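Trainee: Mind having a look at this structure? Questions to follow.
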Amino acid sequence: MSPFTQMRRVGLAVLLLLCALPGAAQELMMVRSPHSFPEAMLTLQSAIGDHGYTLSRVQRVDIGLTGSGFTTDKYRVVFFGKIDEIRMLTSRYPQLIPYLPLHMTIFAEEEETIVVMEDPARMANLVPDPEVAYLFRRWHNDVLSILEQVSQE
Amino acid sequence: MAIRTLLLGVLLLAATSLCAAPDGAQLYGQHCAVCHGSQGRGGVGVPIALPAFLATVDDEFLFKTIRTGRPGRVMPAFTDLSDAQVSALVKHLRSWAPSQQVISHSDRRVKGNVSRGKELYGKHCAGCHGAKGEGGHGTGVTFSRPRELPVMPPALNNKGFLTAASDSMIKQTLMKGREGTPMMSYLAMGLKERDINDIVAYVRSFETAPLLWRPPEDEAPVLEMASPYSVEETVENLKRAIVGKNFVVIRIQTLDNGFVPEAKEDHHQVIVYFCNFNFINQALSLDPRIGLFMPCRITVVEQDGVVKVMSINPKYQSRLFNNEELDVPCEEMTDVYKGIIEEATI
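Below, the structure is given as structure tokens:
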């Protein structure tokens with residue numbers, strides 16, 4: 005690994021730690037994107053991919069609502085994850101299955117967009133196993149970084 | 225050596241940023257903008273940048289509001305921020321009305337007749353703020369779903385509000401009203417200062433028996449039942465039970481669908497997605513963040529020859545939102561899930 009890459013990783017880790025500290029008590033992770041829904045959605049999808057996760061599906065809640073005669077703006081649920089991690093966790097801890105794959109809600113608010121996700125670190129409440137605690141922590145940090153990417157100008 | 229120098233540099237930078245004076249705008253962007261909007265115009269949270277609002281509240285009210293939040297009314301308590309950070313946030317909020325003179329309310333109690341105030345409150349305030357001071361419905365301004373009111377009338381019988389608001393502030397709000405919101409000047413409505421004092425005294429009396437929100441406790445995170453049937457049979461039973469509860473099955477897929485090629489999907493883990501759009505619409509109008517539970521889903525899993533049916537427990541999840549109004553639909557959803565799972569596995 006080049007010194008530059010190493011420095012970038014350490015820098016990112018410090019940055020994530022700094023970002024994580026104030027919001028650590030909040031169990032919902034939320035950001036506002038200054039961009040309109042289509043642009044924010046594209047950024048979210050690409051940020052998920054950039055962090056090594058697979059986007060498995062997008063549920064178009066707004067389509068169902070408008071189809072049923074209700075008025076709504078763009079509203080989607082994005083499912084994602086890493087299949088090896090999901091398989092490992094669900095085989096050892098089936099109680100996590102209802103909470104997987106990971107998912108985020110993304111919805112338009114006028115010309116801006118909001119993204120909300122339950123903190124994956126909260127899954128440690130379901131599985132108090134130190135062996136997998138690192139994984140929930142990493143998911144938490146990855147989600148922080150993904151949301152940071154989405155909230156950029 | 226070079227790497228160590230670089231690492232030291234990064235750590236020094238981090239230390240400098242921790243010691244530097246907090247940047248209110250940055251903190252606002254990090255903690256508040258997502259709900260209150262980048263320019264304080266509101267969203268999931270109420271609009272803060274209203275000149276009439278900033279003109280009638282003092283810094284102490286803003287400081288305490290950030291610190292204590294509004295239990296059960298969406299606004300969380302930011303207990304992790306330092307005093308310097310909260311003060312920086314308050315200063316940032318003030319930057320939206322730079323020409324306004326910042327007032328400072330006295331902490332002296334307003335004297336009034338509580339029983340007369342109760343009567344006047346019922347006549348003039350309860351329509352918006354609720355008979356027991358529980359506040360209006362829904363979140364703040366949700367632009368995606370137009371509302372009749374530009375703001376959600378705040379809950380006055382709320383520990384956070386009663387801690388943050390002085391009698392003097394409440395009185396001034398009643399006397400002047402809040403331009404840009406439905407809150408009118410009570411003087412303009414024909415009430416006298418004595419009437420207003422009585423209302424303030426009644427609102428303050430909420431402290432003696434406050435409405436307390438307690439998120440559901442001792443709830444299991446997961447609802448789970450064993451099924452005596454095969455995965456396929458259980459899925460069929462679920463479909464029937466879901467329709468029986470007036471929901472629509474929208475999709476059935478394996479847990480790993482979308483991650484692996486179709487031929488390699490694991491059919492021992494099947495998710496049944498379903499919804500009721502009327503229910504979704506009602507829940508979203510209370511709080512747009514509730515979409516985290518959507519669509520409804522129940523998973524059928526076969527492990528070591530045992531078939532289990534499981535789902536999240538919305539009642540357990542409701543505490544995430546600090547929104548008392550979601551407790552009822554979340555409880556209803558838990559009952560729906562339990563009913564469907566029981567019927568499918570009986």
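Chains as they are written, first to last, in our numbering: chain H, 5 to 157; chain F, 225 to 570. For every residue, glycine included, the Cβ atom is placed at its ideal position computed from N, Cα and C. Being a predicted model, the structure only gives us computed values, none of them experimental.
Work out the CA separation of Phe74 of chain H and Lys562 of chain F for me, nearest whole Å.
Mentor: Here residue 562 of chain F refers to the residue found at position 338 of the second sequence. Here residue 74 of chain H refers to the residue found at position 70 of the first sequence. About 27 Å.
Trainee: To the nearest angstrom, how far is it from the Cα of Val531 of chain F to the Cα of Gly359 of chain F?
Mentor: Translated into the one-based positions of the second sequence, residue 531 of chain F becomes position 307. Translated into the one-based positions of the second sequence, residue 359 of chain F becomes position 135. So the alpha carbons of these two residues sit roughly 46 Å apart.
Trainee: Listed from N- to C-terminal order along the chain, which residues in the region 492-511 of chain F have their beta-carbon within a distance smaller than 8 Å of any beta-carbon of chain H?
Mentor: Here the close residues are Gln493, Tyr497, Cys499, Phe501, Asn502, Ile504, Asn505, Leu508.
Trainee: Excluding the five sequence neighbours on either side, which residues of its own chain have a C-beta within less than 6 Å of the C-beta of Ile570 of chain F, listed in chain order?
Mentor: The sequence position of residue 570 of chain F within the second sequence is 346, counting from 1. Cβ within range, chain order: n/a, list empty.
Trainee: Taking the alpha carbon of Ser392 of chain F as the reference point, which residue from F:Ile327, F:Asp551, F:Glu567, F:Ala487 has its own alpha carbon closest?
Mentor: By 1-based counting over the second sequence, the position of residue 392 of chain F is 168. Closest by alpha carbon: F:Ile327.
Trainee: Below 8 Å, how does it come out for the region 532-545 of chain F and the region 553-562 of chain F: are there three or more Cβ pairs, yes or no?
Mentor: A contact exists between the region 532-545 of chain F and the region 553-562 of chain F.
Trainee: So, Leu344 of chain F versus Ile423 of chain F, is the Cβ gap smaller than 7 Å?
Mentor: As a first step, residue 344 of chain F must be located in the second sequence, where it is residue number 120. As a first step, residue 423 of chain F must be located in the second sequence, where it is residue number 199. Yes, the pair counts as a contact, with Cβ atoms nearer than the cut-off.
Trainee: Please name the residue in F:Leu286, F:Glu486, F:Ala301, F:Glu284 whose C-alpha comes closest to that of Thr292 of chain F.
Mentor: Stepping through the second sequence from its first residue, residue 292 of chain F is reached at position 68. For Thr292 of chain F, the nearest C-alpha among the options comes from F:Ala301.
Trainee: Where do the N-terminal and C-terminal ends of the alpha helix (DSSP H) with Gly563 of chain F fall, by residue?
Mentor: The residue you call residue 563 of chain F lines up with position 339 of the second sequence. Where Gly563 of chain F is concerned, the enclosing alpha helix (DSSP H) stretches over 551-569.
Trainee: Are the Cβ atoms of Asp480 of chain F and Glu489 of chain F separated by less than 7 Å?
Mentor: Here residue 480 of chain F refers to the residue found at position 256 of the second sequence. Here residue 489 of chain F refers to the residue found at position 265 of the second sequence. For Asp480 of chain F and Glu489 of chain F, yes; Cβs fall inside 7 Å.
Trainee: Going along the chain, which residues of its own chain have a beta-carbon closer than 8 Å to the beta-carbon of Gly27 of chain H, five neighbours each way excluded?
Mentor: Here residue 27 of chain H refers to the residue found at position 23 when the first sequence is read from its first residue. Unreliable positioning characterises Gly27 of chain H in this predicted model, as indicated by a pLDDT of 36, which lies under 50. A coordinate reading is not provided.
Trainee: If we count the other Cβ atoms within 10 Å of its Cβ and call it buried at 16 or more, is Ala541 of chain F buried or exposed?
Mentor: What you label residue 541 of chain F is simply residue 317 of the second sequence in a count that begins at 1. Here the sequence assigns Gln to residue 541 of chain F, which means Ala is not the residue at that position. By the neighbour-count rule (16 or more Cβ atoms within 10 Å), Gln541 of chain F is buried.
Trainee: Can you tell me whether Tyr57 of chain H is buried or exposed? The criterion is at least 16 other CB atoms within 10 Å of its CB, across all chains shown.
Mentor: Taking the first sequence and counting its residues from 1, the one referred to as residue 57 of chain H is at position 53. Counting Cβ neighbours within 10 Å, Tyr57 of chain H comes out buried, since at least 16 surround it.
Trainee: Between Thr397 of chain F and the rest of its own chain, which residues show a CB-CB distance below 6 Å, the 5 nearest in sequence each way excluded?
Mentor: Here the question's residue 397 of chain F lines up with position 173 in the second sequence. If we look at Thr397 of chain F and ignore the five residues flanking it on each side, its Cβ neighbours are Thr280.
Trainee: So is Val525 of chain F in contact with chain H if we call contact Cβ pairs under 7 Å?
Mentor: Position 301 of the second sequence, counting from 1, holds the residue named residue 525 of chain F. So yes, Val525 of chain F belongs to the interface.
Trainee: Take the Cβ of Arg521 of chain F as the centre, count every other Cβ of all protein chains shown within 10 Å, and call the residue buried at 16 or more, exposed below.
Mentor: Taking the second sequence and counting its residues from 1, the one referred to as residue 521 of chain F is at position 297. Buried: at least 16 other Cβ atoms inside 10 Å.
Trainee: Give every residue of the same chain whose Cβ lies closer than 7 Å to the Cβ of Val552 of chain F, excluding the five residues on either side of it in the sequence, and list them in chain order.
Mentor: Taking the second sequence and counting its residues from 1, the one referred to as residue 552 of chain F is at position 328. Around Val552 of chain F: no qualifying Cβ.
Trainee: Which runs of the beta strand (DSSP E) spanning at least 3 residues fall entirely within the region 239-302 of chain F, listed in chain order?
Mentor: The qualifying runs do not exist here; there are none.
Trainee: From which residue to which residue does the alpha helix (DSSP H) around His107 of chain H run?
Mentor: Taking the first sequence and counting its residues from 1, the one referred to as residue 107 of chain H is at position 103. His107 of chain H -> not in any alpha helix (DSSP H); beta strand (DSSP E) instead, spanning 106-113.
Trainee: Cα separation between Gly414 of chain F and Tyr426 of chain F?
Mentor: The residue you call residue 414 of chain F lines up with position 190 of the second sequence. The residue you call residue 426 of chain F lines up with position 202 of the second sequence. Those two C-alpha atoms are separated by around 19 Å.
Trainee: Only counting the same chain, and skipping five residues up and downstream in sequence, which positions put a Cβ closer than 7 Å to that of Ile504 of chain F?
Mentor: In the second sequence, the residue the question calls residue 504 of chain F occupies position 280. If we look at Ile504 of chain F and ignore the five residues flanking it on each side, its Cβ neighbours are Met518.
Trainee: Using the beta-carbon count (16 or more within 10 Å), is Leu25 of chain H buried or exposed?
Mentor: Stepping through the first sequence from its first residue, residue 25 of chain H is reached at position 21. Only weak support exists for where Leu25 of chain H lies, its pLDDT of 37 falling under 50; the coordinates are left without a value.
Trainee: So which residues of chain F does Met34 of chain H contact, with C-beta pairs closer than 9 Å?
Mentor: Working through the first sequence from its first residue, we reach residue 34 of chain H at position 30. Near Met34 of chain H (Cβ distances below 9 Å), the residues of chain F are Val258, Cys259, Val268, Arg513.
Trainee: Going along chain F, which residues have a C-beta under 7 Å from Asn145 of chain H?
Mentor: Within the first sequence, numbered from 1, the residue matching residue 145 of chain H stands at position 141. Residues of chain F passing the Cβ test: none, with the nearest at roughly 16 Å.
Trainee: Identify each residue in the region 529-545 of chain F for which the Cβ-Cβ distance to at least one residue of chain H is less than 9 Å, and report them in chain order.
Mentor: Going along the region 529-545 of chain F in chain order, one finds Lys532, Met534, Ser535, Ile536, Asn537, Gln541, Arg543, Leu544, Phe545 with a Cβ nearer than 9 Å to chain H.
Trainee: Just by C-beta distance, which residues in the region 476-493 of chain F are closer than 7 Å to chain H?
Mentor: Residues passing the 7 Å Cβ filter: Leu479, Asp480, Asn481, Gly482, Phe483, Val484, Gln493.
Trainee: At a threshold of 6 Å, does Arg64 of chain H count as lining the ligand SAM (C-beta to nearest heavy atom)?
Mentor: As presented, the structure is devoid of all ligands, the ligand SAM included, so that no description of it is given.
Trainee: According to DSSP, simplified to helix, strand and coil, what is Leu25 of chain H?
Mentor: Sequence index remark: in the first sequence, residue 25 of chain H carries index 21 (1-based). Its pLDDT being 37, under 50, Leu25 of chain H is placed unreliably by the model, and the measurement read from it follows with that caveat. Looking at Leu25 of chain H - three-state DSSP - the assignment turns out to be coil, as it is neither helix nor strand.
Trainee: Please go through the region 327-376 of chain F and give each complete beta strand (DSSP E) segment of 3 or more residues, from N-terminal end onward.
Mentor: With a minimum length of 3 residues, no continuous beta strand (DSSP E) run stays inside the region 327-376 of chain F.
Trainee: State the CB to CB distance for the pair Gln63 of chain H and Arg80 of chain H, rounded to an integer number of angstroms; the pair is presumed to be in contact (CB under 8 Å).
Mentor: Locating residue 63 of chain H in the first sequence gives position 59, where the first residue counts as 1. Locating residue 80 of chain H in the first sequence gives position 76, where the first residue counts as 1. That belief holds up - the Cβ atoms of Gln63 of chain H and Arg80 of chain H are roughly 6 Å apart, short of 8 Å.
Trainee: Starting from Met393 of chain F, follow the alpha helix (DSSP H) in both directions and report where the run begins and ends.
Mentor: Start at 1 with the first residue of the second sequence, and residue 393 of chain F comes out as number 169. Met393 of chain F -> alpha helix (DSSP H) spans 391-400.
Trainee: Confirm, please, whether the CB-CB distance from Ser37 of chain H to Val154 of chain H is below 7 Å.
Mentor: Here residue 154 of chain H refers to the residue found at position 150 when the first sequence is read from its first residue. Here residue 37 of chain H refers to the residue found at position 33 when the first sequence is read from its first residue. Contact: yes.
Trainee: Would you tell me roughly how many angstroms separate the C-alpha atoms of Ala450 of chain F and Gln49 of chain H, rounded to the nearest one?
Mentor: In the second sequence, counting from the first residue as 1, residue 450 of chain F sits at position 226. In the first sequence, counting from the first residue as 1, residue 49 of chain H sits at position 45. Spanning the two alpha carbons is a distance of roughly 37 Å.
Trainee: Between Gly384 of chain F and Pro295 of chain F, which are expected to be in contact by the criterion C-beta below 8 Å, what is the C-beta distance as a whole number of angstroms?
Mentor: Position 160 of the second sequence, counting from 1, holds the residue named residue 384 of chain F. Position 71 of the second sequence, counting from 1, holds the residue named residue 295 of chain F. That belief holds up - the Cβ atoms of Gly384 of chain F and Pro295 of chain F are roughly 6 Å apart, short of 8 Å.
Trainee: Measuring straight from C-alpha to C-alpha, what distance separates Gly482 of chain F and Val455 of chain F?
Mentor: As a position in the second sequence, residue 482 of chain F is number 258, starting the count at 1. As a position in the second sequence, residue 455 of chain F is number 231, starting the count at 1. Between Gly482 of chain F and Val455 of chain F, the C-alpha separation is close to 20 Å.
Trainee: Determine which residues share a DSSP beta bridge with Glu526 of chain F and list them.
Mentor: What you label residue 526 of chain F is simply residue 302 of the second sequence in a count that begins at 1. DSSP output for Glu526 of chain F lists F:Val531 as bridge partner(s).
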